[in-house]
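Residue numbers (my numbering): 10 to 247.
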C-alpha cells in the first residue's frame, strides 16, 4: 500500500520536476518546458513538460518576461549539445551552420537590430554597412555608356533626309541646262532638236522638269521648317 502511495505522489510531482523552464509569449501565454529554448533560424525550439518537441516563432517570445519568470535560473544561454564525434566540415564548405543565440541577441533581433545568423565558422566576412558608398570601379573597367541622343538631335539625321532631294534636284538642273541648250540651237538653226524622238516637244520636257524641280524645292523647305520647329542648329538642315 505504501509503495502505491509513493508511486502516485511521484506521478503527480513528475510534471513539476520536468518543467524546469518557463517560456512567456507576448500574448501572455506561459509554456512550461524542460529547459531553455534553442534558436534555429527564426523559431525557438524546446521540449515541453510533457516531453514533446515544440517550436514557436521567435518574434512571439517575450524575452524580458521569460527572463523574469526564470530569474532563479542561471543567466548563461542554452547551448545545443556539442557533437564531438561529428567530422569537421571539408575545406571551402560555405553551407550555413545553426547558431545558438543568446538572450541579448534575441532581444536585438526582436527590436529589429541586425545580427548575424551564421555560426562563427561561416561568419568570416562582415556585411557591408547600409548606406556605405559603392566601391569605385576597378581600374581598366569601362564606365557606363551615356544614353544616345534622339536621332532628330543629330546633324546626320537632317542631312540624310535632304541628301536624296538635293541630288535629284541637281540632276534636274543638268537636264534643264541640256534641254535649254538644245532648244536654243534648234531655234537658231531652224531645225528639229529631237530627231531621235519625233513628236516630243522640247518645251514640254522643260516644263515638266521645272515643275519637278519646284516640287523638290518645296520638300527641302518643309524639312528645313521642321528642323527650325525642333530647335536644331540652322546649319544642320542647309
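Glycine is no exception: its CB is placed at the ideal position from the N, C-alpha and C atoms. Being a predicted model, the structure only gives us computed values, none of them experimental.
Would you list the residues sitting across from residue 54 in a DSSP beta bridge? 47, 64
Proximity of residue 233 and residue 246 at Cβ, strictly below 7 Å: yes
For residue 188 and residue 218, which I take to be in contact (beta-carbon distance under 8 Å), what is that distance rounded to the nearest angstrom? 7 Å
Given that a residue counts as buried once 16 or more other Cβ atoms are within 10 Å of its Cβ, and exposed if not, what is residue 53? buried
Backbone CA spacing between residue 197 and residue 184 [nearest angstrom]: 20 Å
Check whether residue 228 and residue 174 have beta carbons under 7 Å apart: yes
Which residue's Cα is closest to the Cα of residue 210: 65, 61, 192? Among 65, 61, 192, the Cα nearest to that of residue 210 is on 192.
Mapping DSSP to helix, strand and coil, what is residue 29? coil
Rounded distance between the beta-carbons of residue 31 and residue 43, thought under 8 Å: Separation of the CB atoms of residue 43 and residue 31 is rounded to 11 Å, and the pair is thereby denied contact status at 8 Å.
Taking 7 Å as the CB-CB cut-off, is residue 112 touching chain B? Judged by its chain identifiers, the structure shown contains no chain B, having just a single protein chain.
Identify which residue in 69, 50, 76, 226 has its Cα closest to the Cα of residue 177. 226
At which residues does the beta strand (DSSP E) containing residue 41 begin and terminate? 39-42 is the span of the beta strand (DSSP E), which, as asked, contains residue 41.
Own chain partners of residue 35 with C-beta closer than 7 Å, once the 5 adjacent residues on each side are dropped: 69, 71
Just the Cα atoms here: how many angstroms apart are residue 240 and residue 224? 25 Å
Length of the line joining the Cα atoms of residue 172 and residue 236: 15 Å
Look at residue 58 and residue 41 and say whether their C-beta atoms are less than 7 Å apart. yes
State the start and end residues of the unbroken alpha helix (DSSP H) segment that holds residue 73. 72-78
On the criterion of 16 or more Cβ atoms from any shown chain inside 10 Å, does residue 238 qualify as buried, or is it exposed? exposed
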